[in-house]
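Everything below concerns the one structure shown next.
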Amino acid sequence: MLNSTFLQEILRAENLKKYFRISKGIMSAMRPSSVSLVKAVDDISLRLDEGQVYVIAGESGSGKSTLARLLLRAVEPDEGRIIFKDKDITEKKDADLKEFRRSVQMVHQDAYTSLDPRMKILDIIMEPITIHDKGSTRRERQEKVYKAMEDVKLEPVVELSSNYPYSLSGGQRQRVALARALVLRPAVIIADEPVSMLDVSVRAGILELMKDLKDKFRISYVYITHDLSTSRYIGDKIAIMYAGKVVEMGAVDTVLFNPLHPYTQALIDAVSEPNPSNLQKTRSIPIREGEKIFSGGCNFYFRCPYSMDKCKKEPSLNNQSGTDQSEGSPDHFVSCFLYD
Ligand code: SF4
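Below is the structure:
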């Protein structure tokens, strides 16, 4: 486990917000009340250090994929800043943005749809080099592709590079996606549910590969997942998201072995773990049925078994470990009045 006190910060999000307006049918043009605001990412700050894996976990719809797209600058934030290697890149354009996009790569959940079926593997992996490294010859680019394929153990290299994605297995396709991200030697890879579409039997191999690449090339990952069992395997720090907010964050072991927020406890409860002692002793935190979000207070109010009157106000994310976040410690933050 990495101690962030001694690590170099590589990527930081400061108070990121992204709200979407959702219109409810044709009446929305006449009645503003039929337009609702979805707070996909609501005031999120986090710090990723060099060589570290930061897990963003939560159910579908929690806002974790929007957060990933904000960190990539694939969508613009409504508020907040993104700092990469001590440079504010929130509003950078052209060459600065291109350099940032070379350094921060994405691996998508679905390697079936993220790879162009009309392109050979060689061309799929070569495409980012062609975009970012125009000076090199095709032969030089080809050598880089072969090297990236070796790095992700996609072999035999020459034979597979002339294949099309349809002829590869799911695990091989995800290795192609990793090679495509790796070929530019990025500092950060944002991996959005990279193993969730794969057979259980090949998931461990991809996660092991990601760990090896992290150690070999000192890559940092933002690892987006709904699956807490893979989080512990690969992660250093974790943020649990619910309805656009981080409700708990800290070192992976701290959060998963001593979850404080009722939502984190319920998520851990839901993990089907063959050896329960690997994660957390049995808990029984039933999430109540009800509206998903309580506007203006704790988002989890309607579903929380412990909700009380003061939860109608919004709780803040407080450190429970007695140290200050500004010290850069991983520590343990929770947003819940039970720990006020
Ligand atoms: Fe439950 Fe209140 Fe804590 Fe929200 S603040 S999680 S409603 S106890």
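The numbering used here applies: residue 21 is where the sequence shown begins, and numbers increase by one.
Even for Gly, the Cβ is constructed at its ideal location relative to N, Cα and C.
Identity of the residues DSSP links to residue i by a beta bridge
i: His352; result: Gly270
i: Leu31; result: Leu68 and Phe104
i: Ala211; result: Val127 and Tyr243
i: Ile76; result: Ile244 and Ala259
i: Asp62; result: Lys37
CB of residue i within 7 angstroms of CB of residue j, strictly
i: Glu228; j: Gln129; result: no
i: Ala77; j: Ile260; result: yes
i: Gly264; j: Asp62; result: yes
i: Leu142; j: Ser189; result: no
i: Pro185; j: Gln125; result: no
i: Ile226; j: Val75; result: no
i: Lys164; j: Ile149; result: yes
i: Asp256; j: Val73; result: yes
i: Leu365; j: Arg122; result: This structure cannot settle anything about residue 365, because the visible part of the chain is limited to 21 through 360.
Outcome for residue i when other beta-carbon atoms lying within 10 angstroms are tallied against a minimum of 16
i: Lys301; result: Any reading at Lys301 must be qualified, since the residue scores a pLDDT of 47, below 50, and its modelled position is unreliable; the value itself is stated next. Label assigned to Lys301: exposed.
i: Ala201; result: buried
i: Val178; result: exposed
i: Ala131; result: buried
i: Ser80; result: exposed
i: Gly316; result: exposed
i: Asp69; result: buried
i: Tyr359; result: exposed
i: Met328; result: exposed
i: Lys38; result: buried
i: Pro279; result: buried
For residue j and residue i, the rounded distance between their alpha carbons
i: Ala60; j: Leu36; result: 10 angstroms
i: His281; j: Ile239; result: 30 angstroms
i: Lys287; j: Leu248; result: Note that residue 287 corresponds to Leu in the displayed sequence, not to Lys. So the alpha carbons of these two residues sit roughly 8 angstroms apart.
i: Ser336; j: Ser355; result: 5 angstroms
i: Asp108; j: Ala94; result: 16 angstroms
i: His352; j: Phe320; result: 19 angstroms
i: Glu29; j: Ile151; result: 27 angstroms
i: Leu90; j: Arg32; result: 11 angstroms
i: Lys234; j: Gly270; result: 20 angstroms
i: Ala199; j: Gly191; result: 12 angstroms
i: Phe40; j: Leu57; result: 6 angstroms
i: Val222; j: Thr250; result: 13 angstroms
i: Met146; j: Ala211; result: 20 angstroms
i: Val127; j: Pro325; result: 37 angstroms
i: Pro137; j: Leu117; result: 28 angstroms
i: Arg159; j: Thr133; result: 28 angstroms
i: Leu135; j: Leu218; result: 15 angstroms
i: Val242; j: Ser341; result: 24 angstroms
i: Lys9; j: Arg193; result: Nothing about residue 9 can be read from this structure; the chain reaches only from 21 to 360.
i: Thr86; j: Ser43; result: 19 angstroms
i: Met169; j: Glu334; result: 49 angstroms
Reduced DSSP secondary structure (H/G/I, E/B, other) of residue i
i: Leu36; result: strand
i: Asp235; result: helix
i: Asp256; result: coil
i: Asn298; result: With a pLDDT of only 45 at Asn298, under the threshold of 50, the placement of this residue in the model should not be trusted; the figure read from the coordinates follows. Residue state, collapsed to three classes: helix.
i: Gly57; result: It should be pointed out that residue 57 corresponds to Leu in this sequence rather than to Gly. In this structure, Leu57 counts as strand in the three-state DSSP scheme.
i: Lys312; result: coil
i: Ile42; result: strand
i: Lys265; result: strand
i: Glu160; result: helix
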